[in-house]
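As structure tokens, the structure follows; a few thoughts come after it.
Residue numbers (the working numbering), protein chains in the order written: chain A, 36 to 150; chain B, 12 to 118.
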């Protein structure tokens with residue numbers, strides 16, 4: 036059974052930084068792209084980033100490009116998202132997802148950016 | 012970048028109704044489209060991938076169709092547990108894009 040467990044969310048001031056993690060299990064982690072998506076309060080789903088299986092290629096939404104960095108540690112089955120220059124508009128639940136097509140999502144971690 | 016437009020944004024329907032939701036892509040995406048269901052306070056769940064393939068365990072009243080730029084999600088007979096928000100996702104190219112969502116409410 037695929038399990039994705041996000042952590043690292045919390046309250047941060049505008050302009051601050053935060054690092055999210057996602058521990059994966061139940062599948063061969065190093066053979067799948069991995070994705071972060073987010074959902075602002077009362078809003079829809081937003082794709083923000085994907086990383087290829089070996090970590091050599093990454094993709095970002097324009098809304099986070101230059102501020103967020105996706106990475107992975109295949110030896111620890113862990114996906115990460117480093118977020119900097121956070122803005123109030125980044126307040127959301129952040130989900131990690133398996134694959135570039137998001138076939139399974141974790142339970143999410145809430146990031147709140149206070150202005 | 013590809014934009015995904017869902018219609019309607021919201022709808023009211025009764026138990027037993029046939030419901031159709033449309034998702035249009037601004038460029039052709041072959042059949043690289045998924046549908047997600049999200050109930051209030053819950054994690055989104057993928058229902059359909061590759062436009063028409065049903066995830067394991069998803070009831071057969073759900074179906075997807077389409078290719079290129081126009082796609083539909085159909086619920087053949089709406090059940091109480093189907094009241095939720097539905098999203099499409101294009102997974103053909105990067106950046107990925109979700110539709111804005113369709114909220115299906117009880118009439």
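We put the CB at the ideal spot given by N, CA and C, even for glycine.
query, result
"Residues near residue 61(B) by beta carbon distance below 6 angstroms, same chain, minus five either side", "42"
"Residue 78(A), buried or exposed, once every other Cβ within 10 Å from all chains shown has been counted against 16", "exposed"
"Between the CA atoms of residue 65(A) and residue 36(A) - distance to the nearest angstrom", "16 angstroms"
"For residue 129(A), the first and last residue of its enclosing beta strand (DSSP E)", "127-133"
"Residue 64(B) to residue 46(B) span [Cα, whole Å]", "10 angstroms"
"Burial state of residue 40(B) (16 or more Cβ within 10 Å)", "buried"
"Interface flag, residue 54(B) vs chain A, CB-CB below 9 angstroms", "yes"
"Residues in the region 87-108 of chain B having any Cβ partner in chain A nearer than 9 angstroms", "96, 98, 100, 102, 105, 106, 107 and 108"
"Neighbouring residues, chain A, relative to residue 24(B) (Cβ below 9 angstroms)", "Simply none; closest approach about 20 angstroms."
"Short CB-CB distance (under 9 angstroms) between residue 57(B) and chain A", "yes"
"Cα-Cα separation between residue 72(A) and residue 69(B), rounded to whole angstroms", "23 angstroms"
"Proximity test, Cβ basis, 9 angstroms: residue 104(A) and chain B", "no"
"Closest residue to residue 112(B) among 83(B), 103(B) and 27(B) (Cα-Cα distance)", "83(B)"
"Rounded C-alpha distance that separates residue 16(B) from residue 98(B)", "10 angstroms"
"Residue 55(A): contacting residues in chain B (beta-carbon distance under 9 angstroms)", "Neighbours of residue 55(A) on chain B: none; closest Cβ ~16 angstroms, over 9 angstroms."
"Buried/exposed call for residue 111(A), threshold 16 Cβ in 10 Å", "exposed"
"Beta-carbon proximity list for residue 148(A), same chain, < 7 angstroms, skipping 5 on both sides", "47, 49, 121, 122, 123, 125 and 126"
"Straight-line gap, residue 29(B) to residue 13(B) (C-alpha atoms, nearest Å)", "29 angstroms"
"Cβ-based burial, residue 144(A) [other Cβ within 10 Å; buried from 16]", "buried"
"Contacts of residue 111(B) in chain A (Cβ-Cβ under 7 angstroms)", "79"
"Closer than 9 angstroms at the beta carbon, the chain B residues around residue 136(A)", "43, 45, 57, 60, 61, 100, 102 and 107"
"Under 8 angstroms from the C-beta of residue 62(A): neighbouring residues of chain B", "Within chain B, no residue comes near residue 62(A); the closest Cβ sits about 14 angstroms away, beyond 8 angstroms."
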